[in-house]
DNA sequence: TCTATTTCTATACATTCGCATAGAAACAGT
DNA sequence: ACTGTTTCTATGCGAATGTATAGAAATAGA
């Protein structure tokens with residue numbers, strides 16, 4: 001009944017995600033975006049709502065992929081799961097490790113003063129999810145006696161989220177998967193010391 | 198002998214610094230830059246080398262101000278000086294605290310894939326200075342017996358730098374001077390635990 | 001094969017970008 | 001006052017921005 005699309009939507013979103021991840025939002029023009037995603041301008045406008053719409057969909061994909069893949073182990077893993085999660089941030093080949101840092105961190109910084117509302121929401125959504133997962137892991141650690149009960153969990157979870165942002169920021173700034181390693185080791189070491197005390 | 202300039206160079210650089218700090222590099226056009234700094238396009242081009250030249254001078258100003266004011270206490274202060282430095286990052290009114298995060302962090306992330314060489318250099322210059330100062334403070338802590346000698350100082354200093362980046366990234370992302378507080382407390386707490394162990 | 005529907009390609013749009021230039025304006029020295 | 005020098009204002013440049021649109025192309029069903 002109609003001319004078929006020349007692209008696969010999922011693949012296009014994945015490519016758009018990588019493109020924005022690497023180049024940022026403003027620095028990536030629509031014409032180069034076509035080239036990198038295989039989409040045409042008409043499709044970007046009609047099917048995705050323009051450049052910003054595609055960006056939002058790419059963010060959603062990025063966030064959901066991390067939430068569905070990297071975070072679940074935290075739900076029942078206690079401190080070892082947190083340590084594993086943090087180490088993955090600086091492990092070559094890991095899904096959450098990249099010389100481009102993290103799309104959500106990059107977005108939060110690049111668009112902090114522009115924030116289109118929908119962008120702010122997408123960024124907050126991701127960090128809330130991570131904070132919640134950290135909190136779950138810490139609660140399990142306390143319940144199993146692996147972490148003293150006098151440790152203030154809410155602040156610790158928030159602090160770990162900020163630490164994750166620092167790891168990603170360092171990785172991107174130095175264009176290396178492993179630049180944030182020393183911070184990861186501080187965070188892991190701190191969790192270990194809390195456990196012992 | 199000539200028509201006097203209508204602006205004060207120092208003041209203009211300070212204003213440009215704040216403008217780039219808040220809005221980022223790409224998002225800030227030359228015409229709005231004129232408005233925010235009091236400079237005219239001719240002066241931006243002739244006296245500063247265009248938009249990028251002014252940006253570099255603003256970065257240099259920002260870095261030198263921090264190096265000259267915020268870092269010196271680290272040179273002889275040991276761990277308490279580190280703790281004070283970190284707390285300042287999330288203290289309203291402190292020079293190193295801002296809802297816009299840190300100009301160098303923002304630059305490192307926004308321009309990570311563009312890097313004009315001179316920008317990369319300016320970013321690296323700043324973090325090298327901070328790392329060196331952290332190392333000095335940690336050495337003093339070890340020499341005075343305040344920190345065990347088996348603590349690996351180089352990695353710790355690097356990790357603290359990454360932590361500082363995380364604090365700034367969090368502050369900017371949440372548009373708050375104090376959003377990174379929990380990470381600061383983790384870092385300070387870790388230093389304290391290292392001291393005790 | 002013809003039609004209806006959807007997507008594609010190609011082009012054009014107004015706006016903005018940073019930068020450049022020409023002429024007016026403001027001084028110091030004579 | 002006049003001159004020489006520098007800086008200012010005003011305007012314009014080509015290129016790039018994201019978006020819009022018109023007509024060609026490709027399909028399914030009749």
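Chains as they are written, first to last, in the working numbering: chain A, 1 to 197; chain B, 198 to 394. Every residue, glycine too, gets a C-beta built ideally from N, C-alpha and C.
{"query": "For residue 150 (chain A), would you say it is in contact with chain B, using Cβ-to-Cβ distances shorter than 8 Å as the test?", "result": "no"}
{"query": "What did DSSP end up calling residue 277 (chain B) once you bin it into helix, strand or coil?", "result": "helix"}
{"query": "Who are the near neighbours of residue 238 (chain B) in its chain, counting only those whose CB is closer than 7 Å to its CB and skipping five residues on each side?", "result": "227, 231"}
{"query": "Comparing C-alpha positions only, which one of A:139, A:89, A:19 sits nearest to residue 57 (chain A)?", "result": "A:19"}
{"query": "Drop a sphere of 10 angstroms on the beta-carbon of residue 110 (chain A), count the other beta-carbons inside from all chains shown, and report buried for 16 or more, exposed for fewer.", "result": "buried"}
{"query": "Does chain A have any CB closer than 8 Å to the CB of residue 223 (chain B)?", "result": "yes"}
{"query": "Can you give the beta carbon distance from residue 170 (chain A) to residue 359 (chain B), rounded, assuming they're within the 8 Å contact cut?", "result": "4 Å"}
{"query": "Nearest by alpha-carbon distance to residue 119 (chain A): which of A:195, A:140, A:138, A:59 is it?", "result": "A:59"}
{"query": "Would you be able to state if there are at least three C-beta pairs under 8 Å between the segment 3-22 of chain A and the segment 96-110 of chain A?", "result": "yes"}
{"query": "Using a Cβ-Cβ cut-off of 6 Å (strictly less than) and excluding sequence neighbours within five positions of residue 258 (chain B), which residues of its own chain qualify?", "result": "210, 214"}
{"query": "Ends of the alpha helix (DSSP H) at residue 154 (chain A)?", "result": "153-174"}
{"query": "Mind listing which residues of the segment 319-330 of chain B have their C-beta closer than 9 Å to chain A's C-betas, in chain order?", "result": "320, 321, 324"}
{"query": "Starting from the C-beta of residue 123 (chain A), find all residues in its chain whose C-beta is less than 7 Å away, skip the five residues before and the five after it, and write them out in chain order.", "result": "104, 107, 108"}
{"query": "Taking the straight line between their C-alpha atoms, what separation do you get for residue 87 (chain A) and residue 74 (chain A)?", "result": "13 Å"}
{"query": "Could you check which residue in B:347, B:388, B:206 has the C-alpha nearest to that of residue 395 (chain B)?", "result": "Since the first residue shown for chain B is 198 and the last is 394, residue 395 (chain B) is missing from the structure and cannot be characterised."}
{"query": "Do the segment 261-280 of chain B and the segment 324-333 of chain B meet, that is, are 3 or more Cβ pairs less than 8 Å apart?", "result": "yes"}
{"query": "Taking the continuous alpha helix (DSSP H) assigned at residue 250 (chain B), which residues delimit it?", "result": "247-266"}
{"query": "Residue 13 (chain A) lies in the alpha helix (DSSP H); which residues open and close that run?", "result": "9-23"}
{"query": "Which residues, taken in chain order from the segment 159-184 of chain A, show a beta carbon closer than 7 Å to some beta carbon of chain B?", "result": "159, 162, 163, 165, 166, 167, 169, 170, 172, 173, 175, 180, 182, 183"}
{"query": "Grab the span of the alpha helix (DSSP H) containing residue 320 (chain B) for me, first residue to last.", "result": "315-340"}
{"query": "So what does DSSP say about residue 344 (chain B), is it helix, strand or coil?", "result": "coil"}
{"query": "Taking the alpha carbon of residue 202 (chain B) as the point to measure from, which residue in B:233, B:219, B:252, B:243 has its own alpha carbon closest?", "result": "B:243"}
{"query": "Which stretch, first to last residue, makes up the alpha helix (DSSP H) that contains residue 192 (chain A)?", "result": "181-196"}
{"query": "Does chain A have any CB closer than 8 Å to the CB of residue 227 (chain B)?", "result": "no"}
{"query": "For residue 345 (chain B), which option in B:373, B:389, B:314, B:224 has the closest C-alpha, if you only look at C-alpha atoms?", "result": "B:389"}
{"query": "How should residue 3 (chain A) be labelled, buried or exposed, when 16 other C-beta atoms within 10 angstroms of its C-beta is the threshold for buried?", "result": "exposed"}
{"query": "Residue range of the alpha helix (DSSP H) that residue 104 (chain A) falls in?", "result": "103-110"}
{"query": "State buried or exposed for residue 247 (chain A), treating a residue as buried only when at least 16 other CB atoms are found within 10 Å of its CB.", "result": "Here chain A comprises residues numbered 1 to 197, so residue 247 (chain A) is not present and cannot be evaluated."}
{"query": "Can you pull the chain B neighbours of residue 92 (chain A), defined as C-beta to C-beta under 8 Å?", "result": "Those do not exist, as residue 92 (chain A) stays about 17 Å from chain B at its closest Cβ, beyond 8 Å."}
{"query": "Mind listing the chain A neighbours of residue 280 (chain B)? Cutoff is C-beta to C-beta under 7 Å, in chain order.", "result": "Chain A residues near residue 280 (chain B): none, gap ~14 Å exceeds 7 Å."}
{"query": "Looking at chain A, is there any beta carbon in it that lies within less than 8 Å of the beta carbon of residue 395 (chain B)?", "result": "Beyond the ends of chain B as shown, which are 198 and 394, falls residue 395 (chain B); an answer cannot be given."}
{"query": "What residue range is occupied by the uninterrupted alpha helix (DSSP H) comprising residue 227 (chain B)?", "result": "227-234"}
{"query": "Rounded C-beta distance between residue 233 (chain B) and residue 377 (chain B)? I'm assuming under 8 Å.", "result": "Not confirmed; about 26 Å, so no contact."}
{"query": "Going by C-alpha distance, which of B:282, B:260, B:337 is nearest residue 323 (chain B)?", "result": "B:260"}
{"query": "Would you kindly work out how many angstroms separate the C-alpha atoms of residue 7 (chain A) and residue 43 (chain A), rounded to a whole number?", "result": "9 Å"}
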